[in-house]
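Data block below; observations after.
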């Protein structure tokens, strides 16, 4: 059996090595997944998201600072999707608040445990928009016809979190994040001209990230899960495993980062949510 690049793969390896989905980007999933993309990344656009929310981005361009921009974005999300900044639902005709799925709840759930239903919805969004299949959710995903894939499929479509145009919310969150990265605020973690950022991930084993190649003891090419967490701080990454992976992550693959929504408690671990694919990483022990 061979993967999408013609390499021989074990039939028990993650199904993500054996194919891709269609996507809504300006490049194919096959190109995005390849290690070569990380060396020379291209800007990504999700469908017509920027055009459909042109008024928001015109207003953002006039923002004097990151806090103002964040407030503009969240007010727009509240007006468009009924997503309140305090995680509560919107009021109905009777004055009572109704639960509505929101990007904020998904982020909060992911940071508690990426293998919960919120994590499945986020991985499902990456699958839909970027065309990359997940390698792991609770356990390795090796076949479509398996209990593991069935569980993932049920959770990613759960009506508890998969409603209120949740994919469109995430599309806009991604585009806002990319706008913020390119704006290059003075206190941003990367300058506006940067193409990559160095991030770290702690692991105890490589079950979730399949080893594609191992050039030497200190280097590996891994197929990362289609959405993975990294930290900007090596010592924090070390709290999550004995092995430290360090990667130069192309900025178009950054979905969310700690400074994007400064009013929320998403900053403690310096967490970055990164679209997966094949990555060349450094491997070191604590």
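Numbering (our numbering), first residue to last: -6 to 279.
Glycine residues also receive a C-beta, built at the ideal position from the N, C-alpha and C atoms.
These numbers were taken from a predicted model, which means no experiment stands behind them.
Three-pair Cβ contact test at 8 Å for the stretch 132 to 145 versus the stretch 94 to 105 | no
For this session: Between the Cα of residue 150 and those of 230, 113, 9 and 214, spot the shortest distance and give me the residue it belongs to.
Result: Considering only alpha carbons, the answer is 113.
**Prompt:** In chain order, what residues of the same chain have a beta carbon less than 8 Å from the beta carbon of residue 278, not counting five sequence neighbours either side?
**Reply:** 235, 236 and 237
- Query: How many Å lie between residue 65 and residue 255 at the Cα?
  - Reply: Going by the C-alpha atoms only, they are around 13 Å apart.
For residue 110, count neighbouring C-beta atoms within 10 Å of its own C-beta (all shown protein chains included) and say buried if the count is 16 or more, exposed if not.
buried
TODO: Would you tell me roughly how many angstroms separate the C-alpha atoms of residue 69 and residue 210, rounded to the nearest one?
DONE: 48 Å
Practice problem: Identify, in the order they occur along the chain, each residue of the same chain with its Cβ nearer than 7 Å to the Cβ of residue 172, setting aside the five sequence neighbours on each side. | Solution: 50 and 53
task: State yes or no: is the beta carbon of residue 253 nearer than 9 Å to at least one beta carbon in chain C?
output: You won't find chain C in this structure, because it holds only one protein chain.
**Request:** Specify, as a first and last residue, the run of the alpha helix (DSSP H) that residue 228 falls within.
**Result:** 227 to 230
* Asked: If we ignore side chains and look at the alpha-carbon of each, how far apart do residue 221 and residue 57 end up?
  -> 32 Å
With a cut-off of 8 Å, do at least 3 Cβ pairs link the stretch 196 to 204 to the stretch 124 to 131? yes
Problem - Classification of residue 41 by the beta-carbon crowding that lies within 10 angstroms, buried from 16 upward - result: exposed
Query raised in the report: Taking the Cβ atom as the reference point for each residue, do residue 245 and residue 36 lie within a distance shorter than 9 Å?
Result: yes
**Asked** residue 162: buried (16+ other C-beta within 10 angstroms of its C-beta) or exposed?
**Response** Under this definition residue 162 is a buried residue.
query = Taking residue 276 as the reference, which of 265, 206, 252 and 263 has the closest Cα?
reply = 206
Report task. Give, in chain order, every unbroken run of the beta strand (DSSP E) that is at least 3 residues long and sits entirely within the stretch 160 to 200. Result -> 189 to 196
Next on the checklist: If we require 4 or more residues per run, which alpha helix (DSSP H) segments fall completely within the stretch 11 to 36?
Outcome noted: 22 to 26 and 28 to 32
Cα-Cα separation between residue 181 and residue 9, rounded to whole angstroms: 33 Å
message = Tell me the rounded alpha-carbon separation between residue 225 and residue 46.
response = Going by the C-alpha atoms only, they are around 30 Å apart.
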